[in-house]
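To start, the structure itself, in structure tokens.
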Amino acid sequence: MAKWGDLLEDEEELPPSTTTGPDAKGVVTKVEYYRNEKGEVMKKTTKTRVVKIEKKVYKVAQERRAGWKKFGEAATERAADSVTSQTPDEVQLERIQRQKQTQEEKAKGASDFASAMAGSDKSAIVGSLRDMLYKKRMERQLLAAKGLIAAPERPPDEDGPGGSLPTAGSGKPGGWVPPSLRNRIGGAGGEGEMMQKRRDENSVRVSNLSEDVTEDDLADLFGPFGPIQRIFVAKDRETGESRGFAFINFIHREDALRAISKLDGFGYDNLILSVSMAAPRPERQ
Amino acid sequence: MRPYVLQGHTRPLNQVLFNAEGDLLVTCGKDSNINLWWTDNGVRAGSFDGHNGVVWTCDITYDSKMLLSAAGDSSARLWSMESGEELFRYRFNEPARACKFSVGERQAAISTDPFMNSVSAIRVFNIAEDPRDMQQTGPDEVIMLTGPRGRITRLHWVDNNRHLLSSSEDGMVRRWDVETGKVLQEAQLHEKQISDMQMSVDGTHFITASPDRTSKLVDTQSFEVLKEYKSAAPINSAAISPIFDHVLIGGGQDAASVTTTAAKAGYFEARFFHKVFCEEFANARGHFSPINSVAFSPDGTSFVTGAEEGNVRLHHFDADYFTTNWDRV
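These protein sequences, in sequence, are chains A and B.
Here the numbering used here is used: the first residue of the first sequence is 1, the next is one more, and so on.
Here the numbering used here is used: the first residue of the second sequence is 1001, the next is one more, and so on.
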């Protein structure tokens, strides 16, 4: 049995190199054939992504540029004594690192949040997305404080009642449950099987995301609803761009449901989010 | 970013200004020069020669055909932007400081300083179709607005040319009725003078800059202070980005004390603040003296700073400026 490379070697000519694309994703695929030192025919495939950057120029500006003559001091200026120079070094926009909030400030912020609420209402904040999220979160905290929605689960205080270990069945709803006992609804099945099941059951699918949404953004958005196990933003394998949807796996099913009820139809980055339970993955045969 | 350094002025800059398309830049300074530059490569397109004193402010018509300049030689002049020819000269007995074309450019408002026996004033003129005609007919003054003391540093036409906003040396912003000449509304925004006042693109709010180390974002209708930006050094100029929630602030230690302190402590950087959170998130170094004037290009892709040392720096943002999430800590 001869290798296909050997077969090609017998012929004098190499196959012509081909270039295909750019395809819908802007990927150009170039296939070349060449001989290495040993005389073997090698195939080389190069994939390049082509990005077109458009720069718009006003027509009047272009006409001005072409038609206007220099006047005044500029007319007599020679190239040698030009008053314009470009800096030899790169000048960076230097990012300012913000000071981390101290514990005191954080505590103050938490206790004083009703007034912060009033403050954020007063100032006409328009357009800033993160502000909207902040406001939303503040509203939720207010509701939680009033007892209208259940507060997120918290570990018990150190000086809290000890003694009997809480279990999923015995604890009152919303009480803290050790991770090992969480989600024990049916109680059947081994631990490994349950892990798999849990992930599928509590997975939320978010679609209609803008392309530059990152995992961190989603953590900010969904974090307030409860502990999150995993966030996955679907990305195109070749271009690395977001494909506009993501999965968020909550640890608790009720958190997932609450997130769906609150965030389905929520405006994020000028787009209306669509949030729903993810359809369970079809069983692999 | 590799900014262009424009060294067309020998003395401190007073104002830097883009035209409507952003392809032209006008700079004026204390050396009585006005320079015109192409913004794509920073090449000087021309200089408007004629003023005999410090040129305080300029304004460009929307079609970039005409330039208005107000100067300390007690004159304000209309120039042809294409040829640099002086079309008309307004002569006053007092130094002229602020100038602004009305929307539609049928009128111009020019402020004059208090001098000898005269008080500070805003004069409103009709502009002839061909300004050269006014050389025979003389200036067509519509109204003179007087009253409050103190120099008027910046002017803006608002409310469909019915009103004028003025910022003045006593830290006040006033709204004038152009028809009756009365002050309709006023607010004490700063403790010290307001050295710069720039409008947002839509005219709903404006930003002021003051050596009292603050810059304020103010609602045009109510004069309510929406946001306040604090600096460690006096602020001379502030601009609002037309595309992002960003504010550019220029200033620095007082020119008189520059030589006695290290350049590092001078705060001579062009500083970017978040418009809503009022936090400084980035800065760009380059000048070695206080920045007197800053401007964003109308498309928000470049900015320019003019400083006390006489240099103008024209920056075109790198691509990462547009992709970076500056809101994140």
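We put the CB at the ideal spot given by N, CA and C, even for glycine.
Keep in mind it's a predicted model, so treat the numbers as computed, not measured.
Contact check for E1269(B) against R1285(B) passes: the beta carbons are separated by less than 8 Å. When C-alpha distances from G1150(B) are compared across S1069(B), F1125(B), R1174(B) and E1086(B), the shortest belongs to R1174(B).
Exposure of L1184(B) is indicated by the presence of fewer than 16 other C-beta atoms within 10 angstroms of its C-beta. In the assembly as shown, G1072(B) is a buried residue. Its beta-carbon has 16 or more other beta-carbons within 10 Å. Non-local C-beta neighbours of H1316(B) in its own chain, meaning closer than 6 Å and more than five positions away in sequence, comprise S1302, ordered along the chain. Following the DSSP letters along the chain, one finds G1029(B) inside the beta strand (DSSP E) bounded by residues L1024 to G1029. The beta carbon of M1001(B) falls within 8 Å of a beta carbon belonging to chain A, placing the residue at that interface. Any Cβ of chain B closer than 8 Å to the Cβ of K70(A) would place that residue at the interface, and such an atom is present. For P1131(B), same chain residues with a beta-carbon under 6 Å away, outside a window of 5 residues either side, are L1078, L1087 and F1088 in chain order. Counting only Cβ-Cβ distances below 9 Å, I96(A) has contacts in chain B at R1271, F1272, E1279, E1280, F1281, A1282 and N1283, in chain order. Within its own chain, the residues whose Cβ lies closer than 6 Å to the Cβ of F1115(B), once the five positions on either side in sequence are excluded, are E1094, listed in chain order. Given a length threshold of 4 residues, each whole run of the alpha helix (DSSP H) inside the segment 1111-1194 of chain B is given here in chain order: 1134-1137. Fewer than three pairs of CB atoms, one per stretch, sit closer than 8 Å, so the segment 271-281 of chain A makes no contact with the segment 27-45 of chain A. Considering only R1313(B), I1060(B) and G1266(B), the residue with the shortest C-alpha distance to A1232(B) is G1266(B). Contact with chain B is absent for T239(A), since none of that chain's Cβ atoms lies less than 8 Å from the residue's Cβ. Leaving aside the five residues that flank D255(A) on each side, the residues in its chain whose CB is nearer than 6 Å to its CB run, in chain order, F225 and G226. Under a criterion of Cβ atoms nearer than 9 Å, the residues of chain B adjacent to S85(A) are, in order, Y1004, V1005, L1006, Q1007 and G1042. Under the criterion of beta carbons closer than 8 Å, I1194(B) and T1153(B) qualify as touching, at roughly 6 Å. Secondary structure of K1275(B) (DSSP, three-state): coil. Residue burial annotation: D89(A) is exposed, with fewer than 16 other C-beta atoms found within 10 angstroms of its C-beta.
Contact holds between the segment 1274-1291 of chain B and the segment 1320-1327 of chain B, because three or more Cβ pairs, one in each stretch, are under 8 Å apart. Cβ contact annotation for E1228(B) (same chain, cutoff 8 Å, sequence separation greater than five): T1214, S1215, K1216, L1217 and C1278, in chain order.
Residues of the same chain with a CB within less than 7 Å of the CB of E238(A), apart from the 5 flanking positions on each side, are K25 and V27 in chain order. Excluding residues up to 5 positions away in sequence, P22, G26 and V28 lie with their Cβ nearer than 6 Å to the Cβ of V50(A) in the same chain. Counting only residues of its own chain and dropping the five nearest sequence neighbours on each side, G1042(B) has a CB closer than 7 Å to the CB of Y1004, L1006 and L1314. Going by beta carbons, L1017(B) and V1026(B) fall inside the 8 Å limit. Rounded to the nearest whole angstrom, the CA to CA distance from R1106(B) to S207(A) is 52 Å. I96(A): not part of any beta strand (DSSP E); DSSP gives it neither H nor E. At least one CB atom of chain B sits nearer than 8 Å to the CB of E73(A). Counting only Cβ-Cβ distances below 7 Å, A1045(B) has contacts in chain A at W68, K70 and A74, in chain order.
Leaving aside the five residues that flank A259(A) on each side, the residues in its chain whose CB is nearer than 8 Å to its CB run, in chain order, V204, F222, F225, G226, I248, F250 and V275. Counting C-beta atoms within 10 angstroms of its own C-beta, L143(A) has fewer than 16 neighbours from the protein chains shown and is therefore classed as exposed. The CB of G1286(B) comes closer than 7 Å to the CB of V91 in chain A, given here in chain order. In summary, the residues of the segment 1082-1097 of chain B whose CB is separated from some CB of chain A by less than 9 Å are E1082, S1083, G1084 and E1085, in the order they occur in the chain. Take W1038(B), set aside five residues on each side of it, and the residues of its chain with a beta-carbon closer than 6 Å to its own are A1045, in chain order. Among the residues of chain B, those whose CB is under 7 Å from the CB of V60(A) are E1021, following chain order.
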